[in-house]
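There are 4 protein chains.
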Amino acid sequence: MPKLGQEPIRRAALVKATIAEVGETGSLSVTVSQIAKRAGMSSALAHHYFGGKDQILHAGMLGILRSFSEAVRKEMATARTPRAKIEAIIRASFDPDCFAATSVAAWLNFYVQAQTDPEAQRLLRIYQRRLHSTLLAHLRPISLTPEHHAQILAALIDGVYLRQALRDGALGSSEATKIVLSTLNTLIGRA
Amino acid sequence: MPKLGQEPIRRAALVKATIAEVGETGSLSVTVSQIAKRAGMSSALAHHYFGGKDQILHAGMLGILRSFSEAVRKEMATARTPRAKIEAIIRASFDPDCFAATSVAAWLNFYVQAQTDPEAQRLLRIYQRRLHSTLLAHLRPISLTPEHHAQILAALIDGVYLRQALRDGALGSSEATKIVLSTLNTLIGRA
Amino acid sequence: MPKLGQEPIRRAALVKATIAEVGETGSLSVTVSQIAKRAGMSSALAHHYFGGKDQILHAGMLGILRSFSEAVRKEMATARTPRAKIEAIIRASFDPDCFAATSVAAWLNFYVQAQTDPEAQRLLRIYQRRLHSTLLAHLRPISLTPEHHAQILAALIDGVYLRQALRDGALGSSEATKIVLSTLNTLIGRA
Amino acid sequence: MPKLGQEPIRRAALVKATIAEVGETGSLSVTVSQIAKRAGMSSALAHHYFGGKDQILHAGMLGILRSFSEAVRKEMATARTPRAKIEAIIRASFDPDCFAATSVAAWLNFYVQAQTDPEAQRLLRIYQRRLHSTLLAHLRPISLTPEHHAQILAALIDGVYLRQALRDGALGSSEATKIVLSTLNTLIGRA
DNA sequence: AATGAATGAGGATTCATTCAT
DNA sequence: GATGAATGAATCCTCATTCAT
Numbered sequence: 252m253p254k255l256g257q258e259p260i261r262r263a264a265l266v267k268a269t270i271a272e273v274g275e276t277g278s279l280s281v282t283v284s285q286i287a288k289r290a291g292m293s294s295a296l297a298h299h300y301f302g303g304k305d306q307i308l309h310a311g312m313l314g315i316l317r318s319f320s321e322a323v324r325k326e327m328a329t330a331r332t333p334r335a336k337i338e339a340i341i342r343a344s345f346d347p348d349c350f351a352a353t354s355v356a357a358w359l360n361f362y363v364q365a366q367t368d369p370e371a372q373r374l375l376r377i378y379q380r381r382l383h384s385t386l387l388a389h390l391r392p393i394s395l396t397p398e399h400h401a402q403i404l405a406a407l408i409d410g411v412y413l414r415q416a417l418r419d420g421a422l423g424s425s426e427a428t429k430i431v432l433s434t435l436n437t438l439i440g441r442a
Numbered sequence: 252m253p254k255l256g257q258e259p260i261r262r263a264a265l266v267k268a269t270i271a272e273v274g275e276t277g278s279l280s281v282t283v284s285q286i287a288k289r290a291g292m293s294s295a296l297a298h299h300y301f302g303g304k305d306q307i308l309h310a311g312m313l314g315i316l317r318s319f320s321e322a323v324r325k326e327m328a329t330a331r332t333p334r335a336k337i338e339a340i341i342r343a344s345f346d347p348d349c350f351a352a353t354s355v356a357a358w359l360n361f362y363v364q365a366q367t368d369p370e371a372q373r374l375l376r377i378y379q380r381r382l383h384s385t386l387l388a389h390l391r392p393i394s395l396t397p398e399h400h401a402q403i404l405a406a407l408i409d410g411v412y413l414r415q416a417l418r419d420g421a422l423g424s425s426e427a428t429k430i431v432l433s434t435l436n437t438l439i440g441r442a
Numbered sequence: 252m253p254k255l256g257q258e259p260i261r262r263a264a265l266v267k268a269t270i271a272e273v274g275e276t277g278s279l280s281v282t283v284s285q286i287a288k289r290a291g292m293s294s295a296l297a298h299h300y301f302g303g304k305d306q307i308l309h310a311g312m313l314g315i316l317r318s319f320s321e322a323v324r325k326e327m328a329t330a331r332t333p334r335a336k337i338e339a340i341i342r343a344s345f346d347p348d349c350f351a352a353t354s355v356a357a358w359l360n361f362y363v364q365a366q367t368d369p370e371a372q373r374l375l376r377i378y379q380r381r382l383h384s385t386l387l388a389h390l391r392p393i394s395l396t397p398e399h400h401a402q403i404l405a406a407l408i409d410g411v412y413l414r415q416a417l418r419d420g421a422l423g424s425s426e427a428t429k430i431v432l433s434t435l436n437t438l439i440g441r442a
Numbered sequence: 252m253p254k255l256g257q258e259p260i261r262r263a264a265l266v267k268a269t270i271a272e273v274g275e276t277g278s279l280s281v282t283v284s285q286i287a288k289r290a291g292m293s294s295a296l297a298h299h300y301f302g303g304k305d306q307i308l309h310a311g312m313l314g315i316l317r318s319f320s321e322a323v324r325k326e327m328a329t330a331r332t333p334r335a336k337i338e339a340i341i342r343a344s345f346d347p348d349c350f351a352a353t354s355v356a357a358w359l360n361f362y363v364q365a366q367t368d369p370e371a372q373r374l375l376r377i378y379q380r381r382l383h384s385t386l387l388a389h390l391r392p393i394s395l396t397p398e399h400h401a402q403i404l405a406a407l408i409d410g411v412y413l414r415q416a417l418r419d420g421a422l423g424s425s426e427a428t429k430i431v432l433s434t435l436n437t438l439i440g441r442a
């Protein structure tokens, strides 16, 4: 009997390597070989498990988006009031893991991929809509213009990410959180 | 008789073509040949004038950033009060030309280029700092936390751009303006 | 309890699959995996039994050539006169099984393989010589130039096959037979 | 001004190299690099002029088919009677250039290519039909069953080619001609 | 000034083959 | 006996870049 069950292990390793490589390099034009090498296997095996570079990239995106969702879920678990929920989302967005330079760089690159690649666009839109509707749901009880406020908060979060990508003013995780939280306060009043 | 002053004409054509090509394609991996063809010349000539692909890209970035600055200058010309100046900046940011799908796509790609390419990063930072300091200068007389508010506004503008890049909720130019202006109102109170 | 006598079963399955795959695809560049999959096993097992792709191909050739011989043997069994023997060979050549599009395509490809691969050439030559000498033997009693006529008949059969491979005028089995039989008549006179 | 007019030269060189390489190797799986090298250029240039391997192969086929047609045209030029025309076609078919081992091998491979590749099939069919209709036209005045005889002669020619490909009995050009001419005699009687 | 010609380097992808279990 | 796992080698193709004219 052959060695079994390598597939999930290899796939996971490739996803991780993809994010790391894209993040570090800051570019989607990383080669499959680079990714595969980082994941400790040959590029042929990477193709074997994923079918092609695009699918590897998609898996990488999914990986990033999932870790975002995961962070949100964790933070939301303990939040009780609508306001606390919103704050949880904001805090999760700047979770040190997600907000790490590498992750942000990868995220930005996946945004670009979505310009060309329909599947990438689909993934990103799903994530965005989910974020939007969650925000909206919890804003409704406490905001007079929930739709409007949701738009502002979502855009602000993305904007902070984008600026992080340039590394210039490179805010820390906590500073970033503060900026958005304080805007929340201004928008709907202190709790 | 040799054609005179061809150089500036060619360069301008290439800059325009670069922005258009990167914007339409949604990717930095456009070829020099594509750009040159769109600009009506051979790729060899493009190299002759700019030296290499990177420099062509830089020229494209500079072109975009300049058109931003130009829009700002125009809007600011008629603004008299600090508040009016800030509103002018916001309005300029969403000038239909700059906020066109193509321009936004190009802008996003140049952001990514800055991840890898120091010169690109330099250009982008200069623009960002200029924007920041202009905002700051005009916020100072009317805001208690001008630095903080400048950060929020700048991030918000970028965030709206980013979301525009995904085309999903695809705001129009005027809607985008409204969102940021209304946030300004909330931050420092109605004029 | 180990399965007994798996080897001959597996080998036969592979031979059949090879012919089918080469025939349907119309090319020798079918992969071992495709063949193995069609034969219901892993490509590793195919290698295990045959040693390599070339040997699998050889086995496929042998399979085709044997089914030719088989058809000839069957038709010849009931033939009594020299003329009947020759007609039997011709009829066997266009036996619907052998003359099926798939078989012809495979046969043509094996001809090509023989250009490169000495073992393939050897197999094909053996078959050709056998056909030639059988024709010759039975032509001798009824032809003044048996060698010459054998050459013509053999070439004509192959030519009809080749044209079948292009599928354009795609003759049916019976039409093909008629053409060669009528030529036989012309060559040595009606029986 | 740049060096001009290389294209036709390069294309011709590639066509020649393709036929030679396919013919000598006896296989379509020659690499573009091999062909290009033989033609004295880089594989990149070959791609530049032809677009891809398939088109290079098509050009090779066309080259072979054209040299057939050319041989026919030449032989036919001096033929006056219908019978002489037919004999011209047969003689042309075994023109030493066309019937050279290399040419025959290339021709056989192109036949196989036509199994997979519609464009190759188209080319081959055109050539076959043209041959058929020419034979037919000249057989009409001298044969009672011109359609039938055309089929026989065409198939016989192809069959002789095919056997040549195997190099076993390797007929010379003149021997091959004799076989088909003598069959012609048998079919429609001596002139 | 301008361009067709030309290439080297590199990347995605495929596949026969081997190996450990 | 049988197979999933794994890879090295090879191939097509692309592209930035250089050069001769």
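Chains as they are written, first to last, in this note's numbering: chain A, 252 to 442; chain B, 252 to 442; chain C, 252 to 442; chain D, 252 to 442.
We put the beta carbon where it would ideally sit given N, CA and C, even for glycine.
In this structure, DSSP gives Phe361/D a helical state, which the three-state scheme calls helix. With contacts defined by Cβ atoms closer than 7 Å, Glu272/C and Val283/C do not form a contacting pair.
Listed along the chain, the chain C residues whose CB falls inside 8 Å of the CB of Thr367/D are Thr276, Gly277, Ser278. Secondary structure at Ile393/C: coil, using DSSP grouped into helix, strand and coil. DSSP places Gly314/C in the helix class (H, G or I) of the three-state scheme. When 7 Å is used as the limit between beta carbons, Asp346/C is near no residue of chain D, the shortest such separation being about 18 Å.
Neighbours of Asn360/A in chain B, taken as residues at a C-beta separation under 8 Å, are given in chain order as Val363, Gln366. The alpha-carbon separation between Lys336/D and Met327/D amounts to approximately 6 Å. With contacts defined by Cβ atoms closer than 7 Å, Ala401/A and Leu386/A form a contacting pair. The way I'd put it, the stretch 283 to 296 of chain A doesn't touch the stretch 329 to 347 of chain A; fewer than three beta-carbon pairs between them come closer than 8 Å. Under the 8 Å Cβ criterion, the stretch 366 to 379 of chain B does not count as touching the stretch 390 to 401 of chain B, having fewer than three qualifying pairs. In the DSSP assignment, Ser425/B falls within the alpha helix (DSSP H) that extends over 424 to 439.
Taking C-alpha positions only, Asn360/D is separated from Thr269/D by approximately 12 Å.
At least 7 Å separates the CB of Leu313/B from every CB of chain A. Phe350/D carries a coil assignment under DSSP once its states are collapsed to helix, strand and coil.
Within the stretch 288 to 316 of chain D, no residue has a Cβ lying closer than 8 Å to any Cβ of chain C.
The residue from Phe319/B, Ile286/B, Leu265/B, Lys304/B with its alpha-carbon nearest to that of Ile340/B is Phe319/B.
Per the Cβ contact rule, the stretch 294 to 309 of chain C is not in contact with the stretch 428 to 438 of chain B (fewer than 3 Cβ pairs under 8 Å).
Of the other Cβ atoms in all chains shown, 16 or more fall within 10 Å of the Cβ of Ser344/A; this residue is therefore buried.
Straight-line spacing of the CA atoms in Ala264/B and Ser278/B works out to 19 Å. The Cβ-Cβ distance between Gly410/C and Leu407/D falls below 7 Å.
By the beta-carbon neighbour count (other beta carbons within 10 angstroms, threshold 16), Gln415/A is buried. For Arg418/B, the three-state secondary structure derived from DSSP is coil. The shortest CA-to-CA distance from Ala405/D to any of Tyr378/D, Ala371/D, Arg262/D, Glu275/D is the one to Tyr378/D. Using beta-carbon distances, Ala352/B does not count as an interface residue toward chain A, since no partner is under 7 Å. Its chain contains Leu265, Ala268, Thr269, Glu272, Ala297, Ile307 as the residues whose beta carbon lies nearer than 7 Å to that of Ile286/A, once the 5 sequence neighbours on both sides are disregarded; these appear in chain order.
Remark: C-beta atoms of Arg342/C and Thr428/C approach each other more closely than 7 Å. Under the Cβ criterion of 7 Å, Ala339/A is not counted among the residues facing chain B. Residue contact with chain C for Ala406/D: present (Cβ-Cβ distance below 7 Å to some residue of chain C).
Chain C places no beta carbon closer than 7 Å to that of Leu265/D, leaving this residue out of the contacts. Counting only Cβ-Cβ distances below 7 Å, Val411/C has contacts in chain D at Ala406, in chain order. A buried status is given to Ile403/B, since no fewer than 16 other beta-carbon atoms sit within 10 Å of its beta-carbon. Residue state for Gly410/D is assigned as helix, using DSSP reduced to three classes.
DSSP, reduced to helix, strand and coil, places Gly274/D within a helical segment of the structure shown. With a threshold of 7 Å between beta carbons, Ala356/A makes contact with chain B.
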